[in-house]
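Protein chains: 2
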Amino acid sequence: MALIVQKFGGSSVADAASITRVAERIAETHRAGNEVVVVVSAMGDTTDELLDLAQAVSENPSGRELDMLLTSGERISMALLAMAIRNLGVEARSYTGSQAGMVTDEKHGSARIVEVSPNRVRAALDAGAVAIVAGFQGFNRGTGDITTLGRGGSDTTAVALAAALGADVCEIYTDVDGIFTADPRVVPSARKIDRVTSEEMLELAAAGAKVLYIRAVEYARRHGVTIHVRSSFSRNEGTLVVNPKEGETVEEPIITGIAADLSEDKITVVGVPDVPGTAARLFTIVANAGANIDMIVQNTSTSDTGVADISFTLPTSQAKSVLDALEARRADIGFESVQYDDQIGKIALVGAGMRTNTGVSAKFFTALSDAGINIEMISTSEIRISVVTRADIVNEAVRVIHHAFDLDGESEAVVYGGTGR
Amino acid sequence: MALIVQKFGGSSVADAASITRVAERIAETHRAGNEVVVVVSAMGDTTDELLDLAQAVSENPSGRELDMLLTSGERISMALLAMAIRNLGVEARSYTGSQAGMVTDEKHGSARIVEVSPNRVRAALDAGAVAIVAGFQGFNRGTGDITTLGRGGSDTTAVALAAALGADVCEIYTDVDGIFTADPRVVPSARKIDRVTSEEMLELAAAGAKVLYIRAVEYARRHGVTIHVRSSFSRNEGTLVVNPKEGETVEEPIITGIAADLSEDKITVVGVPDVPGTAARLFTIVANAGANIDMIVQNTSTSDTGVADISFTLPTSQAKSVLDALEARRADIGFESVQYDDQIGKIALVGAGMRTNTGVSAKFFTALSDAGINIEMISTSEIRISVVTRADIVNEAVRVIHHAFDLDGESEAVVYGGTGR
Numbered sequence: 001m002a003l004i005v006q007k008f009g010g011s012s013v014a015d016a017a018s019i020t021r022v023a024e025r026i027a028e029t030h031r032a033g034n035e036v037v038v039v040v041s042a043m044g045d046t047t048d049e050l051l052d053l054a055q056a057v058s059e060n061p062s063g064r065e066l067d068m069l070l071t072s073g074e075r076i077s078m079a080l081l082a083m084a085i086r087n088l089g090v091e092a093r094s095y096t097g098s099q100a101g102m103v104t105d106e107k108h109g110s111a112r113i114v115e116v117s118p119n120r121v122r123a124a125l126d127a128g129a130v131a132i133v134a135g136f137q138g139f140n141r142g143t144g145d146i147t148t149l150g151r152g153g154s155d156t157t158a159v160a161l162a163a164a165l166g167a168d169v170c171e172i173y174t175d176v177d178g179i180f181t182a183d184p185r186v187v188p189s190a191r192k193i194d195r196v197t198s199e200e201m202l203e204l205a206a207a208g209a210k211v212l213y214i215r216a217v218e219y220a221r222r223h224g225v226t227i228h229v230r231s232s233f234s235r236n237e238g239t240l241v242v243n244p245k246e247g248e249t250v251e252e253p254i255i256t257g258i259a260a261d262l263s264e265d266k267i268t269v270v271g272v273p274d275v276p277g278t279a280a281r282l283f284t285i286v287a288n289a290g291a292n293i294d295m296i297v298q299n300t301s302t303s304d305t306g307v308a309d310i311s312f313t314l315p316t317s318q319a320k321s322v323l324d325a326l327e328a329r330r331a332d333i334g335f336e337s338v339q340y341d342d343q344i345g346k347i348a349l350v351g352a353g354m355r356t357n358t359g360v361s362a363k364f365f366t367a368l369s370d371a372g373i374n375i376e377m378i379s380t381s382e383i384r385i386s387v388v389t390r391a392d393i394v395n396e397a398v399r400v401i402h403h404a405f406d407l408d409g410e411s412e413a414v415v416y417g418g419t420g421r
Numbered sequence: 001m002a003l004i005v006q007k008f009g010g011s012s013v014a015d016a017a018s019i020t021r022v023a024e025r026i027a028e029t030h031r032a033g034n035e036v037v038v039v040v041s042a043m044g045d046t047t048d049e050l051l052d053l054a055q056a057v058s059e060n061p062s063g064r065e066l067d068m069l070l071t072s073g074e075r076i077s078m079a080l081l082a083m084a085i086r087n088l089g090v091e092a093r094s095y096t097g098s099q100a101g102m103v104t105d106e107k108h109g110s111a112r113i114v115e116v117s118p119n120r121v122r123a124a125l126d127a128g129a130v131a132i133v134a135g136f137q138g139f140n141r142g143t144g145d146i147t148t149l150g151r152g153g154s155d156t157t158a159v160a161l162a163a164a165l166g167a168d169v170c171e172i173y174t175d176v177d178g179i180f181t182a183d184p185r186v187v188p189s190a191r192k193i194d195r196v197t198s199e200e201m202l203e204l205a206a207a208g209a210k211v212l213y214i215r216a217v218e219y220a221r222r223h224g225v226t227i228h229v230r231s232s233f234s235r236n237e238g239t240l241v242v243n244p245k246e247g248e249t250v251e252e253p254i255i256t257g258i259a260a261d262l263s264e265d266k267i268t269v270v271g272v273p274d275v276p277g278t279a280a281r282l283f284t285i286v287a288n289a290g291a292n293i294d295m296i297v298q299n300t301s302t303s304d305t306g307v308a309d310i311s312f313t314l315p316t317s318q319a320k321s322v323l324d325a326l327e328a329r330r331a332d333i334g335f336e337s338v339q340y341d342d343q344i345g346k347i348a349l350v351g352a353g354m355r356t357n358t359g360v361s362a363k364f365f366t367a368l369s370d371a372g373i374n375i376e377m378i379s380t381s382e383i384r385i386s387v388v389t390r391a392d393i394v395n396e397a398v399r400v401i402h403h404a405f406d407l408d409g410e411s412e413a414v415v416y417g418g419t420g421r
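As they're listed, the protein sequences go chains A and B.
Using UniProt numbering, the first residue of the first sequence is number 1, and each one after it goes up by one.
Using UniProt numbering, the first residue of the second sequence is number 1, and each one after it goes up by one.
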């Protein structure tokens, strides 16, 4: 008997028919002798519809009330799912975030989990029931208020529950078969990866792979939770995201996969005085504007001018506020100008085997060079090489690298739902 | 400074525009220097839509999960209302039933309030905020589960909060101007009643007046809460439902008003053995079938036959299960047959002044007799006379009585929203 946490997203419970289908899958897992905890998101577009209502009554909705509003979405889907499972003759009980013991800090809209005390979930399992838990939500003990975990919150709920309950695996159901060596829409010969370390998965997620949220993977790595990313449309095994123990050697391919990201822009601050502390002041301004910057490159200043150029990438949605914040402090910092480039793409090659294989960078850059692809920025970690190119050649670059590292599978990837995420 | 509880039903918060309008009214009451607690129902048809979803995934939804599902409706309306009030520059905080301390027993779907501990509501008021509380819902302390109060639950929530907080008045907003001497759709000259005792209101509600739920009035009477029934579409004073103290003499009209009810049917059990205990066994069967019976009439048994006929009225929706239950026990009890009549109507004349005015019954029956209206059953209390007639002459009977007791107002009643409730 295993304890399995299963997470289903909004598209898996979009209507009554989908809920019934998911219920059958859950009942099957339960009947096979497993203890099952299910984490569920709000139905389909519910969250967007609720947000529209909030905008209609308030120009700037309070975070506390917005969390109260949005958490009703999971309350609906989890109650319906519990009913549907019971209708199949399997006992099921639904629990809100607070009933499931998801204690968070008080930051409405993007709360962090500080404690998980799933006593009622454990009691439901002990009573032979399937426990359904609302994803995305928790509560703050000090204020007694309902909170939400923000983007990717339901994945994080699932992993956090799996950790607290000592689950054997946390299954994240999605509309594709698992994690692929590259986006199958871009590289039709991309292979499904059977097994990836959470470290590699973090790099892939950070580099634009959308199947799992970084925060959930981080939580899984910190707490040793095994994630199984699999399709809710098939019975195929998906991708296991594992946490090898210290010193444990696992035979694994040098390269895991390639991720690409077209959702970032580049900002270059030109003519920054080459004085100690200037970069720190610059990035404090950027951080205060609420931006998550990714790659940073500083051109070496020449002794002639005493100034340098600093480029960084950030999500498109955060560009405007950063540009405004920088412009407001130009005289203060003393730089010359700001350049904005929204036509960039990022490509990342990830693989734990890079650590011990010296030829990876050379092969990577040679392949791009042979294909005539110009590289504008470079950033590396122990297990990742990232580059920035023009946006319109990103897909070609992904194919070139995929081929250069012999990642092509024997058959074409099967992509469900047409989203290719 | 007064403490005012205001309750708004689903039609008052049916969409964003309605919510904004209600928010303005609440903000106005707050700005006038009052402490304001608002109880709100789910938006418009939300509850029905959620029930449809439940039926789509389950033939017989669990009460616990149904309560979890339905309570999301108030969560949505209360959060939106709080946002809308804040948007007008008035601080507002929303609270679920459990956050507001509405402790109930564990009977899902029709829980009874066992304790109200509105500490957080009181704290919100102390902080100068408007407190918005979800109507219709509470929680059970033993199970930790969410419960709902059933039909009319939001009125009960409002009255219970008013009692626990020691509010000056509990305003129930509706789509008519208050309680009328008769249904203005039937009697266009019906007058709005300025003041009614909770005792009279109970009789009117029990006799079919739909503006207030019996349970809320009972709670108000027990706890000395003054209810003000008024229109959300006008600023007119509505009807005060008061609780005169013991021995307090209030000058009041002999007759308060007339209620009629077409939603009940009559069942007659023919040839019941006139043996002690038979009626008790009969009504135990009826009660076990879940019926709320109202009027009961037993024909005197004649010494010749030793059998009697027993008639009673009950809501149409409960008739079938009672008929089935009686039929199943016919041989056991030893009665001859069961007759079912779904073409009856009930009319009730209510007035506390009846106690000390002896001519009321005579005038009542004379008026009906003069109009050629046949009476099939009679039931009376200290302050009420009820009769059953054919359904198709109920409206005529109401007009005849209304006129006989000089209840006609000087101008026609204004009915908003066309429902005439």
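Beta carbons are placed, not taken as given, at the ideal position from N, Cα and C, and that holds for glycine.
Just so it is clear, the structure is predicted and the values come from calculations on it, not from any experiment.
- Minimum Cα-Cα distance from GLY353 of chain B among the listed residues B:GLU200, B:SER234, B:ARG221, B:LEU326 corresponds to B:GLU200.
- Residues are counted here when their Cβ sits less than 8 angstroms from a Cβ of chain B; for the UniProt domain "ACT" (349 to 421) of chain A the count is zero.
- From the beta-carbon of GLY144 of chain A, the residues of chain B found nearer than 8 angstroms are GLN99, ARG120.
- Counting every other CB atom within 10 Å of its CB across the protein chains shown gives ALA397 of chain A a total of 16 or more, marking it as buried.
- Chain-order list of chain B residues neighbouring ILE76 of chain A: LEU50, LEU53, LEU69, SER72, by C-beta distance under 8 angstroms.
- If you check the CB distance, GLY345 of chain B and ARG390 of chain B come in under 8 angstroms.
- Each residue's CA atom was taken as its position, placing GLU327 of chain B and ALA308 of chain B some 17 angstroms apart.
- The beta-carbon distance between VAL36 of chain A and ILE4 of chain A, rounded to whole angstroms, is 6 angstroms. This is short enough to meet the 8 angstroms contact definition.
- Contact between the region 267 to 281 of chain B and the region 352 to 370 of chain B is not established, with fewer than three Cβ pairs separated by less than 8 angstroms.
- DSSP, read as helix, strand or coil, puts LEU88 of chain A in coil.
- About 6 angstroms separates the Cβ atoms of HIS228 of chain A and LEU240 of chain A, confirming a contact at the 8 angstroms cut-off.
- GLN343 of chain A: not part of any alpha helix (DSSP H); DSSP gives it neither H nor E.
- Per DSSP, the beta-bridge partners of HIS228 of chain B are B:GLU171, B:LEU240.
- By a beta-carbon distance limit of 8 angstroms, ILE113 of chain A contacts GLY138 of chain A. Their separation comes to about 6 angstroms.
- Three or more beta-carbon pairs drawn from the region 54 to 61 of chain B and the region 84 to 102 of chain A are found closer than 8 angstroms, and the two stretches are therefore classed as touching.
- Neighbours of THR20 of chain B across chain A, judged by C-beta separation under 7 angstroms: VAL57.
- Between the beta-carbon of ALA100 of chain A and that of ARG120 of chain A there is about 7 angstroms, and that keeps the pair under the 8 angstroms contact cut.
- Below 8 angstroms, too few C-beta pairs join the region 13 to 31 of chain A and the region 27 to 44 of chain B to call them touching: fewer than three.
- Judged by their CB atoms, PHE136 of chain A and LEU149 of chain A are nearer to each other than the 8 angstroms cut-off.
- Residue B:VAL286 holds the alpha-carbon nearest to the alpha-carbon of LEU314 of chain B among B:ILE333, B:VAL286, B:TYR95, B:GLU218.
- DSSP places PHE8 of chain B within a strand segment (E or B) once states are collapsed to three.
- Residue range 307 to 315 is occupied by the beta strand (DSSP E) that includes LEU314 of chain A.
- Taken in chain order, the unbroken stretches of beta strand (DSSP E) that lie wholly in the region 161 to 206 of chain B and span 3 residues or more are 169 to 174, 195 to 197.
- Where GLU49 of chain A is concerned, the enclosing alpha helix (DSSP H) starts and stops at 46 to 57.
- Think of a sphere of 7 angstroms around the beta carbon of MET102 of chain B: no beta carbon from chain A falls inside it, the nearest being about 15 angstroms out.
- The secondary-structure analysis by DSSP pairs PRO273 of chain A across a beta bridge with A:VAL307.
- In the three-state reduction of the DSSP assignment, GLU327 of chain B falls in the helix class.
- In this structure, GLU74 of chain B lies away from ALA82 of chain A, with their beta-carbon atoms at least 8 angstroms apart.
- Counted as a single uninterrupted DSSP element, the beta strand (DSSP E) harbouring PHE139 of chain B occupies residues 137 to 140.
- Excluding five sequence positions before and after GLY208 of chain A, the CB atoms of its chain that fall closer than 6 angstroms to its own CB belong to ALA259, ALA260, ASP261, given in chain order.
- DSSP places ILE214 of chain B within a helical segment (H, G or I) once states are collapsed to three.
- In this structure, DSSP gives LEU3 of chain A an extended state, which the three-state scheme calls strand.
- Minimum Cα-Cα distance from SER94 of chain A among the listed residues A:VAL103, A:GLU115, A:ASP105, A:VAL130 corresponds to A:VAL130.
- For LEU80 of chain B, the neighbours in chain A by C-beta distance under 7 angstroms run, in chain order, LEU53, ALA54, VAL57, LEU69.
- Taking C-alpha positions only, ILE310 of chain B is separated from ILE26 of chain A by approximately 53 angstroms.
- Under the three-state reduction of DSSP output, LYS107 of chain A falls in the coil class, being neither helix nor strand.
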